[in-house]
Amino acid sequence: MRGSMSKAKTGKTNAKAKAMKATVGKAGVGKTKSKAAAPKTGAVKGAGGKDRALGLLPKELVLNMFDLMVKSRVLEERLIKVYKTGDAFFWIGAPGEEAFGVPLGLLVKKGQGPSHDYLHLHYRGTPTLIAMGMPMIDSIRLIMNRATDRSTGGRNFANHYCFPEMNVVPVGSPIEVQYGMAVGTAIAQRRRKMKGEESGVSIVTGGDAGTAEGDFASALIWASRPGAELPVYLTVQNNKWGISTGFDSQHGEKYIADRGKAFGMRTNVVNGNDPIESYFAISQDLEYIRKNTKPVLTEFAVSRLYGHSSASGANREAGECPIELFEKRLVDSNYIRSDFKKELWEQYDRESREAAELVRTEAGPTGDTIWDHVYVGNENADWRKF
Amino acid sequence: MRGSMSKAKTGKTNAKAKAMKATVGKAGVGKTKSKAAAPKTGAVKGAGGKDRALGLLPKELVLNMFDLMVKSRVLEERLIKVYKTGDAFFWIGAPGEEAFGVPLGLLVKKGQGPSHDYLHLHYRGTPTLIAMGMPMIDSIRLIMNRATDRSTGGRNFANHYCFPEMNVVPVGSPIEVQYGMAVGTAIAQRRRKMKGEESGVSIVTGGDAGTAEGDFASALIWASRPGAELPVYLTVQNNKWGISTGFDSQHGEKYIADRGKAFGMRTNVVNGNDPIESYFAISQDLEYIRKNTKPVLTEFAVSRLYGHSSASGANREAGECPIELFEKRLVDSNYIRSDFKKELWEQYDRESREAAELVRTEAGPTGDTIWDHVYVGNENADWRKF
Amino acid sequence: MASMAQAIRMALHYGEKNLGVTDIFGEDVGAPLGGVFTATQGLENAWNSPLDERGIVSAALGLGLAGDRCVAEIQFCDYIFNTIDLLKIGGNTLWCSNGQYNMPIVVMTPVGAGIRGSIYHSHSFDAWATRLPGWKVVMPSNPLDAYGLLIAAIKDPNPVLFLKPKALMRVRGEDLIPGEPSDEKELKAMIDAPIGDRSKWKPRWPKLEEYEVPIGKGKIVQEGTDLSVGRYGRMLPLCVKAAEMFTREGRSIEVIDLRSLYPYDWQMIRGSIQKTGRVLFVNEDTEVTNFGEHLAYRATQEMFYELMARPRVLAGKNLPGIGLHPNLEEASVPHLEDIEHEIADILAEIP
Amino acid sequence: MASMAQAIRMALHYGEKNLGVTDIFGEDVGAPLGGVFTATQGLENAWNSPLDERGIVSAALGLGLAGDRCVAEIQFCDYIFNTIDLLKIGGNTLWCSNGQYNMPIVVMTPVGAGIRGSIYHSHSFDAWATRLPGWKVVMPSNPLDAYGLLIAAIKDPNPVLFLKPKALMRVRGEDLIPGEPSDEKELKAMIDAPIGDRSKWKPRWPKLEEYEVPIGKGKIVQEGTDLSVGRYGRMLPLCVKAAEMFTREGRSIEVIDLRSLYPYDWQMIRGSIQKTGRVLFVNEDTEVTNFGEHLAYRATQEMFYELMARPRVLAGKNLPGIGLHPNLEEASVPHLEDIEHEIADILAEIP
Ligand SMILES: Cc1ncc(C[n+]2csc(CCOP(=O)(O)OP(=O)(O)O)c2C)c(N)n1
Ligand SMILES: Cc1ncc(C[n+]2csc(CCOP(=O)(O)OP(=O)(O)O)c2C)c(N)n1
Ligand SMILES: [Mg+2]
Ligand SMILES: [Mg+2]
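Chains as they are written, first to last, in our numbering: chain Z, 2 to 387; chain U, 2 to 387; chain X, 21 to 371; chain G, 21 to 371.
This is the structure we're talking about:
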């Protein structure tokens, strides 16, 4: 990180749209593939000004993060609209987790197989995937359960992504089991690392309430076996809620991350509503894991801005908005003009609306596909035909 | 404890057999019901001498603990003999855990129902039960699966005790689930306590390897819910083994007890091979729980002296023997004569042999009892008769 | 008329007031939500648990050991599958302890498809539940039965699994619950939590009476002579509809609501089959190693030479899940046309 | 001849040498013990896991996602019941991911009674296993089949449950495993870990050859004409013995070893029943909602008018557990006399 930090200090003013789309050379390998022609930032001065943290990252990266955060939020709001107009049965997603999810997506070593990073996401992964280049339409096809939905073929809920070429393993509904599975991919990665082969990190995300499941603790045990420590990045997004149940009503831990300490694990607590802080934390955590082949447990404080899911209405609720906070900083530091976000928003909104309109014309899966993929190669699994 | 400590300093010399059998008035409520006429201690001088810790407890209590530890060991060795002579299919038990188990049994608030302490034991509970007054023959009937086996009716393995009148809930084979169930009885106790009713503590025991199960972590969460903290005593007996697997090969924690810290829980690490240290620790822990209605997690280092179970031969293996260590201290401090243990041993050995001989003449359960106790009151559970 | 969610709520209220229910708990069971289907709103002893199904069932077991009466909820049966070992313990505690410790607990959980719940809100649990000896298993198909079965479950000294057909939770019944005001709106005003701030809300409970549906007793929902249909839970309305269709065609279909899965009312089923000579068992759990197969097997054993047609089972397809898209869901679990088709087929069979 | 434990060990060795098996793990699976039944002694990639069944299955799932081949063990199937949700994930990953992620893992676990294992070392898992769509389920009854089925399981791109009948683990077979030295003692000296210090021990593996028992294929163990007995695992020797008894009495019993429970070899079962007109399915899992009932149900559906007697199932009693005392165990799971009695009964049935 030091490298990119000092580079950041030389960050240019008047970042161009093209610059906004560029990836940060050193730390990030993810590229955003958004095809929208971004509006100009309209920035007049720069390099962070009084906001010193801002100035520690290259300006293009900072602006790129903002862009992706907005894009992710617009997409989620589109999904909510799709739900509310009756074009989907259910919505669940990530508005309020962009300042954590976007930096994560940018810092992933993207690709397929154990030589790259695995992503064991839960149902709030949109920001990460947007940062990794997922086209909006993929998310819309999923929520509208079309046959064209790559992730699940119209079988599963919104935000239940699956993209093997980016090592995004299937997002499931059951809470917390992803932590145990991340241990498994990390075992595969550790084995390769020990043989001197190229290998990645297994990254897992999940909510605060879910850490009450034994599987979270199980992952702490397995990640820290002496002499077999795993390259696994255990993250928790603490929005202080599990559906209607407040964190503080059920949890005596001050910080969930403290639970790693008994295992001699590196732990952090991070303001996940601050993309700069999140970026540095994730970047340093991943660097530590890659270098030491040891686990890290980091807790990110995040917001839940549209309630738990459509089951609770999917309406905007009170809460710190990471995008608004970030926008203010960028405006205050003259990275963007005050009308910049609106323009960006409108552009992504258009993109998402057009995508939704297209998807609406696409067919759903037919009933006869239910037996597909029970076994590999569609080997018969129907006992009537044995 | 302070009270009994100062009292202890006045401990009498030449403790009589009768004194040995007495319980300590203040701290302990358990009474040993052993009917064996104990040999004389033959002690010539006393009050701990150079062994200051010894002197902190009443001498009668110290000698009583030694007596019960020997009795428990003799019983376990009897069970092993019963197994080795082909009169039982399987043995598992507690040789090496006496210095933890006996003090625990003496400190339990014994009785039936939530106003007393619950015991959620695992399959190494003999010392605790001997200290609570279980007749040896009950244990022998269990291992020989006779119809007279009160605990299970000949259905379950050795050391799978169940004594409702002492709140000893059924010992099961599945590892670690007892921690979650202890949470349940503790909820019942907390409710009573909050209403100002008489209530006890839920005490749970278990091994080191088993703490890898999620249920252990789950109990930490449930025990420390803010404003709903439970009167539960979470103990771990760390013998450094899970069957053939060494603790250090699987666990990155220096101390298991440290896992309680993130939950703001009182934690301790205790030398469970020292009955005096164990007695003080347990006594203070229980006092804390009774007073504060808050959980405690304490780890006891113990020995495993006859291997895991009969599956690994049930032969004496290397390891610190808590009874030998204690005997030496007692001899060195002139609490007992050097031939005292031998006498005591022989007496209990006789008692256990006679019990085994009697049990050998007793009948096993008949096949037609299998449908008994599926439902309460033997309500029919056989579908053929619906 | 009360919905099933309201009926359950009233039974639980009756339980905490009159039957010693000390704890009603699970994820989001307490205030402010009162359960994802509102079935636990306004109850005095309802509380939110950590997000931990194993902890929930374990705590229930402990409460049972302490002799307290509790009703624990697993939010969706889709999330009960990490607790099967604990449920087994619930079912074997009395037996393992030589009759010394009974386990007087109730575990309730919503089951089945029908709400576009996708892969993890559409699971069934009835076939699994019947593989848990020591438990009693019930599943109502209407609010009054839900009320009566839940009261029976709470009073039973054995562990009882109370399966809630989630697609019926909001459906209203045809019979008043004893003590229920006859005006639906009045009931709502009394016991439904308001939208918005609930912190000061308190329910006004009607003066409820005890009403028990004995565990182990089924009910003939519609009498008939040509064919018997045995089902439970959500499949009821469908079977009744199908039966009506055939009535119009001059056939007479008897429909049995099992209500209890274990112990089950064999005398009623047997009597019905002896009358009609034909039987169809309908449920929506996956079809291989399915409880309907047990019933069909038993019918074959005991009435092989009386049957006019093969006892048939119509159940969910043997798939890893139920897909979200309606095309997928409908191809996976029995729906009206499937049932009609099966009935027609069985009626057409000539021995 | 090799015992089943040795056969499994050899298949795993073959797997790590030739089929890319990277991890063989579970509680006490690695050195020094090599598994509670010695089935994993001396393997290069065998390692001990924490005492955590959920962790074991989860890790296997992760390894499967990474495309690695692993064989995970649950020490006794009695302790697999806290992982049913994870096994369901194993079975639905390919389906949920629209065919994008397969799950090429093997989970093996000892099952059944017969070793005086008492309540928690006597459970069966076959009925449960057949309720896990997406999995293949196999269960050998002799060492050679164990070798061939395990190799097939490792090669299969789907998740496979390999059920080990624990009472047969030490029983020797009648056929040599391809590559196995003909002298039993030689094999022992080569691959059995010594008593005492094992820290320097290394196995000398015979030059094993690939041998696959195709998943989904049963085997007619004994041909006959009067009655078909379908069974698997530990029930084989008993059924063969019973069949021999009847042969002496001039009756001819066909015995089928299913070997695969899902997919199962219906063609073989059906062919056999069509020949004999009578069938008995034997297994030791609890009898209500039992896999045998599925097979009996299907036999009834497809051969109702060809059957000479009701298809019968003999299984374990529907009890919460299997008691330790021999009187209890014998009254709970099928034993020789039970099987003989059932066969006699079915043979005596006059249509
Ligand atoms: C095992 C399991 N139990 C229950 C649920 C139902 N459920 C879905 S989300 C949720 C709350 C999760 O809270 P948290 O872990 O904090 O994540 P958040 O939704 O707040 O991001 C619950 C109880 C589930 N999906 N899986
Ligand atoms: C859930 C479960 N998994 C596996 C087993 C098999 N088993 C019995 S004892 C044991 C080791 C337990 O080790 P530890 O918890 O340290 O207790 P110890 O026996 O050393 O006292 C194992 C793996 C079991 N009984 N239950
Ligand atoms: Mg949360
Ligand atoms: Mg241990």
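Glycine included, C-beta positions come from ideal geometry on N, C-alpha and C.
Chain-ordered chain U contacts of residue i [CB-CB under 7 Å]
i                 : result
Asp88 of chain X  : Ala189
Tyr140 of chain G : Ser174, Pro175
Presumed contact (8 Å Cβ cut-off) between residue i and residue j, rounded CB distance
i                 : j                 : result
Ala189 of chain U : Asp88 of chain X  : 5 Å
Trp372 of chain Z : Ala382 of chain Z : 6 Å
Asp209 of chain U : Asn239 of chain U : 4 Å
Arg254 of chain X : Gly134 of chain X : 6 Å
Lys180 of chain U : Ala220 of chain U : Contrary to the premise, residue 180 of chain U reads as Tyr rather than Lys in this sequence. Right, the Cβ-Cβ distance comes to about 4 Å (below 8 Å), so this counts as a contact.
Thr127 of chain U : Leu76 of chain U  : 6 Å
Pro227 of chain U : Ser311 of chain Z : 30 Å between Cβ atoms; not a contact.
Tyr282 of chain G : Thr150 of chain G : 5 Å
Beta-bridge pairing of residue i - partner residues as DSSP gives them
i                 : result
Trp242 of chain U : U:Gly247
Phe90 of chain U  : Answer is none; Phe90 of chain U lacks a bridge partner.
Tyr119 of chain Z : Z:Ser203
Asp277 of chain X : X:Lys239, X:Arg251
Leu71 of chain G  : According to DSSP, which records beta bridges pairwise, Leu71 of chain G is partnered with nothing at all.
Proximal residues of chain G, C-beta to C-beta of residue i below 8 Å
i                 : result
Gln251 of chain U : Asn68, Ser69, Pro70, Leu71
Val83 of chain Z  : Per Cβ cutoff of 8 Å: no residues; Val83 of chain Z is ~20 Å from chain G at best.
Partners in chain X for residue i, counting only beta-carbon separations shorter than 7 Å
i                 : result
Asp369 of chain U : Going along chain X, no residue has its Cβ under 7 Å from Asp369 of chain U, so there is no contact; the nearest lies around 15 Å.
Asp105 of chain G : Phe101, Asn102
Val377 of chain U : Leu114, Asn122, Pro177, Asn178
Under 9 Å from the C-beta of residue i: neighbouring residues of chain X
i                 : result
Glu214 of chain Z : Pro70, Leu71, Asp72, Glu73, Arg74, Gly75, Asn102
Per-residue contacts from residue i into chain G (C-beta, under 7 Å)
i                 : result
Pro171 of chain Z : Thr113, Cys116, Ser117, Tyr121
Ala316 of chain X : Tyr317
Contact list for residue i against chain U, beta-carbon separation under 9 Å
i                 : result
Ser225 of chain Z : His252, Gly253, Glu254
Beta-carbon neighbours of residue i, restricted to chain Z and to distances below 9 Å
i                 : result
Thr42 of chain G  : Ile188, Ala189, Arg192
Asp209 of chain U : Result: empty, since nearest Cβ-Cβ is about 12 Å, beyond 9 Å.
Contact list for residue i against chain G, beta-carbon separation under 9 Å
i                 : result
Asp373 of chain Z : Trp115, Asn118, Gly119
Chain-ordered neighbours of residue i on chain U, where CB pairs are closer than 8 Å
i                 : result
Pro283 of chain X : Asn381, Ala382, Trp384, Phe387
Arg136 of chain G : Phe90, Phe91
Gly238 of chain X : Near Gly238 of chain X there are no residues of chain U at all, since even the closest Cβ is about 11 Å away, more than 8 Å.
Closer than 8 Å at the beta carbon, the chain X residues around residue i
i                 : result
Ile244 of chain Z : Glu47, Asp48, Leu53, Val56
Gly87 of chain Z  : The premise fails here: Gly87 of chain Z is roughly 12 Å from chain X at the closest Cβ pair, so nothing lies under 8 Å.
Closer than 7 Å at the beta carbon, the chain Z residues around residue i
i                : result
Ala79 of chain G : Gly181, Val184, Gly185, Ile188, Trp223
- Selection of the region 325-359 of chain Z by Cβ proximity to chain X, strictly under 7 Å: The residues in question: there are none.
- Between the region 124-135 of chain U and the region 90-106 of chain G, are three or more C-beta pairs nearer than 8 Å? Counting Cβ pairs under 8 Å, fewer than three are found: no touch.
- Within the chosen definition, does the region 223-232 of chain X reach the region 275-288 of chain X through at least 3 CB pairs nearer than 8 Å? Taking 8 Å as the limit for Cβ pairs, the verdict is that the region 275-288 of chain X does not touch the region 223-232 of chain X.
- Determine, using beta-carbon pairs with one atom in the region 179-194 of chain X and one in the region 158-165 of chain X, whether at least three such pairs fall under 8 Å. As far as the Cβ criterion goes, the region 179-194 of chain X touches the region 158-165 of chain X, which means the pair count is three or higher.
- Query: Which residues, in order along the region 328-351 of chain X, keep a beta-carbon less than 8 Å from a beta-carbon of chain Z?
  - Reply: Answer in chain order: Lys337, Asn338, Leu339, Pro340, Gly341, Gly343, Leu344, His345, Pro346, Asn347, Leu348, Glu350, Ala351.
- Query: Which residues, in chain order, does the region 139-161 of chain G contribute to contact with chain X at a C-beta distance below 8 Å?
  - Reply: Per Cβ criterion, the list reads Ile139, Ala147, Trp148, Thr150, Arg151, Pro153, Gly154.
- the region 277-292 of chain G contacting the region 230-250 of chain G, beta-carbon criterion three pairs below 8 Å: Of all C-beta pairs linking the region 277-292 of chain G to the region 230-250 of chain G, three or more are shorter than 8 Å, placing the two stretches in contact.
- Query: Using a beta-carbon distance cut-off of less than 7 Å, what residues from the region 150-163 of chain Z approach chain X?
  - Reply: Answer set for the region 150-163 of chain Z: Gly155, Arg156, Asn157, Phe158.
- Query: Are three or more beta carbon pairs between the region 50-57 of chain X and the region 189-203 of chain Z nearer than 8 Å?
  - Reply: Output reads no: the region 189-203 of chain Z does not touch the region 50-57 of chain X.
- Message: Under 8 Å, with one C-beta from each stretch per pair, do the region 234-249 of chain X and the region 349-368 of chain X reach the 3-pair mark?
- Response: Under the three-pair Cβ rule at 8 Å, the region 234-249 of chain X counts as touching the region 349-368 of chain X.
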